[in-house]
Structure formats: C-alpha cells, structure tokens
Amino acid sequence: IIFCQNEISISKITDMLGFLDPQKIKAFYQAILTKDKEKVFAYLEELQDYEASSVIDEMLFYLKESFFAKSTEFSTLIYERFFRILSKAKNMLCDDDGFTLCVMAFMMMEASHLKEIDAQIQEIKQENITNTTPKITPSPIMPNLEKKIEKNAYEILLDSIYDRDFDLAECFKQSTKFISFESNTLNISSNAQGQNRDTLNKGFKLIQELFKAKFGENVKINVQKALTIDENKLQSLTQELPNSENKNNIQSSINMLKEGAKKFDP
Numbered sequence: 001i002i003f004c005q006n007e008i009s010i011s012k013i014t015d016m017l018g019f020l021d022p023q024k025i026k027a028f029y030q031a032i033l034t035k036d037k038e039k040v041f042a043y044l045e046e047l048q049d050y051e052a053s054s055v056i057d058e059m060l061f062y063l064k065e066s067f068f069a070k071s072t073e074f075s076t077l078i079y080e081r082f083f084r085i086l087s088k089a090k091n092m093l094c095d096d097d098g099f100t101l102c103v104m105a106f107m108m109m110e111a112s113h114l115k116e117i118d119a120q121i122q123e124i125k126q127e128n129i130t131n132t133t134p135k136i137t138p139s140p141i142m143p144n145l146e147k148k149i150e151k152n153a154y155e156i157l158l159d160s161i162y163d164r165d166f167d168l169a170e171c172f173k174q175s176t177k178f179i180s181f182e183s184n185t186l187n188i189s190s191n192a193q194g195q196n197r198d199t200l201n202k203g204f205k206l207i208q209e210l211f212k213a214k215f216g217e218n219v220k221i222n223v224q225k226a227l228t229i230d231e232n233k234l235q236s237l238t239q240e241l242p243n244s245e246n247k248n249n250i251q252s253s254i255n256m257l258k259e260g261a262k263k264f265d266p
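Sequential numbering of the sequence shown, starting at 1, is according to the working numbering.
Below is the structure:
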C-alpha cells in the first residue's frame, strides 16, 4: 500500500514485484504488428531494465493466453511464427540481454512483414486469374429465321408424306403445285401423267388421311388439272398466220386449248 501510495493497480503491483505489466506487453506486440519502429525502440529501452528471460517468458505467456482465448489479435500464421521466434530467443540468451531482445523484436517485425507478403502474393495470383480469364461477351441472340418462316398446308402435307412413303412424296412433289388453302380446302394443281398419275391415284387415300391427321377431319383436297399448252402447236399456229389479222386469232386458239383442259379427278 505504501509502495502504491494508496492507489493499488496492476501496473504498480507488477512494478513492485519486478514483473512486466501485461498492458505493456500488449502495447509492445501492437507496435511490432503495426511496424511502428519508434515505439518498438522506446519499449526496448524500457525492457532493458528487466532480464531478457523474464521478458521472453512474459511474451510467451501473453501469446499463449491470446491463443487459447481465440483472440483475433494475431492470425494463425503469426502465432506459429512468433512462437518459433520466442523459442529461438530463449536459446540465444547471453550476457547482453539488450542484444537478445533487439534481435527478437526485429525477427518478429520481419515475420509480420512476411504475412503481408503472403497476402500480396495471394492478391497478385487472384488478379492474374482475373486478368487471364477471357471475358465472354454474350453474343446477341439472332432470331432463327428458318423457324419463323411458317410452312403452308401443302408443305406440311408433303413432309408428312415423306415420313410415310418417300416415293409417293417425290411423285406428289413433282406432279403437283400449291394454289391456296382456305375454308378448310387445300387447292392444288396437278400435271400428273402416266406412271405418276397411277402412283398418285393409288396413294391418294393415304394422302387424304395424312392431311386430315394434320388439319382435322373437316378438311379436304381439291385437285385441279394443270393447264398445259403444246408449244409445237402454238408455234405452228404462229407460222400459219403470217399477217397481223391472223395473229390476232392466236389468243382465241389458246382459249380453245384452255377449254379443252379437264379437271384432274383422282
């Protein structure tokens, strides 16, 4: 009580017993971690009044207490490095306590620098990964024009025939042409002759079934005979009518040919 002058505190009791104040040890560690050389030198001068072995023991005790308390004051890497340095410092004890403490302090400051170097290496690696990763620019989605082009009823029917009978589909494609599809009626023209005509007559029932399967039972197919004009006859007519008056009759001959065209009834 007399030594503390009626003001008992941890710092005064530690001074009376010749121990280091835990707060001073903590401040010394903070100076090392922040690399504040001025404060580190100031603390080293104060610690010269104590035995180096006592200072190292107190620093080990404080570090162990922080470690078991899971204090975030030090990282796991710093714990491992500081424990190694303090163990080495105990083995380096000699007659010059100040020299031992200075070496210990400088090694600990260097160890904290290594922590920063490791962190910087990780940052550089991360930056390199970011820089080397190709930036994938999303390509504009181009509308599929082919999908947008809707097929007419004739083309849909033709695809269905191809799925069932390739030869019949080829014959249908070569011999017929699309006119219109309205009022549930598919209007097509046909110029089928000979073998193609026989093939279409035999397969017309299947064609109707496929068409109804696609468009419903109420649909039907109307086939018109394609208008064909014999070019040889037309040429002969032209040759037989040299004067302008007779040439005017070409149109009437063509009309006669049209009247002769008959509707195709499969």
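Even for Gly, the Cβ is constructed at its ideal location relative to N, Cα and C. As the structure is a prediction and not an experimental result, all values here were calculated from the model.
At the C-beta level, Val40 and Asp97 stay beyond 9 Å of one another.
Under the three-state reduction of DSSP, Phe74 is assigned to coil, being neither helix nor strand. In the DSSP secondary-structure assignment, Thr185 is bridged to Glu182 and Lys220. Excluding the 5 residues flanking it on each side, Lys220 has same chain C-beta neighbours closer than 6 Å at Thr185, in chain order. C-alpha of Ala226 to C-alpha of Asn191: approximately 5 Å in a straight line. When the beta-carbon positions are compared, Glu58 and Ile25 come within less than 9 Å of each other. In this structure Ile78 is buried. Its beta-carbon is surrounded by 16 or more other beta-carbon atoms within 10 angstroms. Contact between Ile161 and Ala169 holds, since their C-beta atoms are separated by about 4 Å, short of 8 Å. In terms of Cα proximity to Phe99, the closest of Ala52, Phe82, Ala111 and Ile85 is Ala52. The beta carbons of Phe172 and Leu200 sit about 7 Å from each other, so the pair counts as a contact at 8 Å.
By the CB criterion at 9 Å, Phe74 and Phe67 fall inside the cutoff. A straight line joining the alpha-carbon of Phe61 with that of Phe82 spans about 12 Å. Annotation: Glu150 is outside any alpha helix (DSSP H) and is labelled neither H nor E by DSSP. Closest by C-alpha distance to Gln174, out of Gln195, Phe181, Ser183 and Asp163, is Gln195.
Per the coordinates, the alpha-carbon of Leu47 lies some 45 Å from the alpha-carbon of Asn128. Under DSSP, Ser54 shares a beta bridge with no residue.
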